[in-house]
Amino acid sequence: MGLPLFDATTDPGPDFSALVQRSNIAMPVAGDADLNLAHGTTIVALKFADGVIMAGDRRATAGNVIAHRSIEKVFPADRFSAVAISGSAAIADEMVRLFQVQLEHYEKVEGVALSLEGKANQLAQMVRTNLGMAMQGFVVVPLFCGFDLTKGEGRIFDYDAAGGRYEETDYQTTGSGGTYARTTIRLGYRESMPLDDAIELAILALYEAADADSATGGPDSVRGIYPIVATVTSVGYVQLDDADVAARFDALVERRRVTQGNPEGTLR
Numbered sequence: 001m002g003l004p005l006f007d008a009t010t011d012p013g014p015d016f017s018a019l020v021q022r023s024n025i026a027m028p029v030a031g032d033a034d035l036n037l038a039h040g041t042t043i044v045a046l047k048f049a050d051g052v053i054m055a056g057d058r059r060a061t062a063g064n065v066i067a068h069r070s071i072e073k074v075f076p077a078d079r080f081s082a083v084a085i086s087g088s089a090a091i092a093d094e095m096v097r098l099f100q101v102q103l104e105h106y107e108k109v110e111g112v113a114l115s116l117e118g119k120a121n122q123l124a125q126m127v128r129t130n131l132g133m134a135m136q137g138f139v140v141v142p143l144f145c146g147f148d149l150t151k152g153e154g155r156i157f158d159y160d161a162a163g164g165r166y167e168e169t170d171y172q173t174t175g176s177g178g179t180y181a182r183t184t185i186r187l188g189y190r191e192s193m194p195l196d197d198a199i200e201l202a203i204l205a206l207y208e209a210a211d212a213d214s215a216t217g218g219p220d221s222v223r224g225i226y227p228i229v230a231t232v233t234s235v236g237y238v239q240l241d242d243a244d245v246a247a248r249f250d251a252l253v254e255r256r257r258v259t260q261g262n263p264e265g266t267l268r
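Be aware that the sequence shown starts at 1, since it is given in this note's numbering, and climbs by one per residue.
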């Protein structure tokens, strides 16, 4: 199959979605996805001194049933940005993959990467495209973050089901346990936090969300399943090793156990 050719009036340029449509290539759309009503739940993002941390639990639910225990909700969008998903798992997974391809396609066509602001706008358009499915209950609500190389800082963007894009100053959460996670972060957050403190706060937020929200999965030491935690800094997207995340959760659980046995103690 040869490359499609377009004249000046129909050339889609760096827009991968437009390229697919004008080439008449059959691509899966939201209505064709394998929707088994699985929903991803809690995700969090917060700024720290050198960039942004994004984390998400691993549970997906279908009504009152645990549909999956180890689903991934945090992904690299490209080298300097990350996207996390909550909502209808099948559509969200498809949206993330298309978003990744769109950013790669733009860079190949234009010879430069899309700006962080442009990436956030592109994701907003994809969320808006899904509005019809959202009206039927298949909602996708992502979080997007990245390191802005021009400003030298991390930035966080969240969305509503209609594709509204909003930049957050310090942190944001979404999903069924988002309220509990956000309260935890609000109580412990401070500007320009060191990396280690920010990781501990993100982990604590997910732990507290899982403690209050049945749809949010907590650490599962029996199966070896722990939330995904990643950072985005000037060196790019880096996911923490599972062993590191497991050790931090195990330490948190031990502190909670000691605190429960000592009413006068405190839990960080």
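Even for Gly, the Cβ is constructed at its ideal location relative to N, Cα and C.
{"Check": "In the DSSP assignment, find the beta strand (DSSP E) that holds Val318 and state where it starts and stops.", "Outcome": "This structure cannot speak to residue 318, because the chain is shown only from 1 to 268."}
{"Check": "Whole-angstrom Cβ separation of Phe283 and Leu123, contact assumed at under 8 Å?", "Outcome": "For residue 283 there is no data in the structure shown, the boundaries of the chain being 1 and 268."}
{"Check": "From Ser192 to Arg182, what distance separates their C-alpha atoms?", "Outcome": "18 Å"}
{"Check": "If we ignore side chains and look at the alpha-carbon of each, how far apart do Ala247 and Val109 end up?", "Outcome": "43 Å"}
{"Check": "Does the Cβ-Cβ distance between Met54 and Ala82 come in under 9 Å?", "Outcome": "yes"}
{"Check": "Report the option in Met95, Leu252, Gly137 whose CA atom is closest to the CA atom of Pro76.", "Outcome": "Met95"}
{"Check": "Would you report the Cα separation of Ser88 and Leu149, rounded to the nearest angstrom?", "Outcome": "32 Å"}
{"Check": "Suppose the cutoff is 8 Å on Cβ atoms and the five residues either side in sequence are ignored; what does the same chain contact list for Asn121 look like?", "Outcome": "Arg165"}
{"Check": "Can you list, in chain order, the residues of its chain with a C-beta nearer than 8 Å to that of Ala162? Leave out the 5 residues immediately preceding and following it.", "Outcome": "Val127, Arg128, Leu131, Ala134"}
{"Check": "Taking a contact to mean a Cβ-Cβ separation below 9 Å, would you say Ile156 touches Ala45 in this structure?", "Outcome": "yes"}
{"Check": "Applying the 10 Å Cβ sphere with the 16-neighbour rule, what's the burial state of Ala210?", "Outcome": "buried"}
{"Check": "Exposed or buried, Ile185, counting other C-beta atoms within 10 Å across all chains shown (16 or more means buried)?", "Outcome": "buried"}
{"Check": "Tell me the residue span of the beta strand (DSSP E) that contains Thr150.", "Outcome": "Where Thr150 is concerned, there is no enclosing beta strand (DSSP E), given that its DSSP letter is neither H nor E."}
{"Check": "On the premise that Ser234 lies in contact with Phe138, defined as a C-beta separation below 8 Å, what is that separation, rounded to the nearest angstrom?", "Outcome": "That belief does not hold up - the Cβ atoms of Phe138 and Ser234 are roughly 37 Å apart, past 8 Å."}
{"Check": "Measuring straight from C-alpha to C-alpha, what distance separates Gly224 and Asp244?", "Outcome": "12 Å"}
{"Check": "Taking its Cβ as the centre, do 16 or more other Cβ atoms sit within 10 Å of Ile66, making it buried, or is it exposed?", "Outcome": "exposed"}
{"Check": "Here's a check: name, in chain order, each residue in its chain whose Cβ is nearer than 6 Å to the Cβ of Glu107, leaving out the five neighbours to either side.", "Outcome": "Ala113"}
{"Check": "Please classify Ser58: is it buried, with 16 or more other beta-carbons within 10 angstroms of its beta-carbon, or exposed?", "Outcome": "Rather than Ser, the amino acid found at residue 58 in this sequence is Arg. Classification of Arg58: buried, given that the 10 Å Cβ count is 16 or more."}
{"Check": "Mark Pro194 as exposed unless 16 or more other C-beta atoms lie within 10 angstroms of its C-beta, in which case mark it buried.", "Outcome": "exposed"}
{"Check": "Since Pro236 and Phe80 should fall inside the 8 Å C-beta cutoff, what is the C-beta to C-beta distance between them, to a whole number of angstroms?", "Outcome": "It should be pointed out that residue 236 corresponds to Gly in this sequence rather than to Pro. Sure, about 6 Å apart at Cβ, within 8 Å."}
{"Check": "Confirm, please, whether the CB-CB distance from Tyr207 to Leu252 is below 9 Å.", "Outcome": "yes"}
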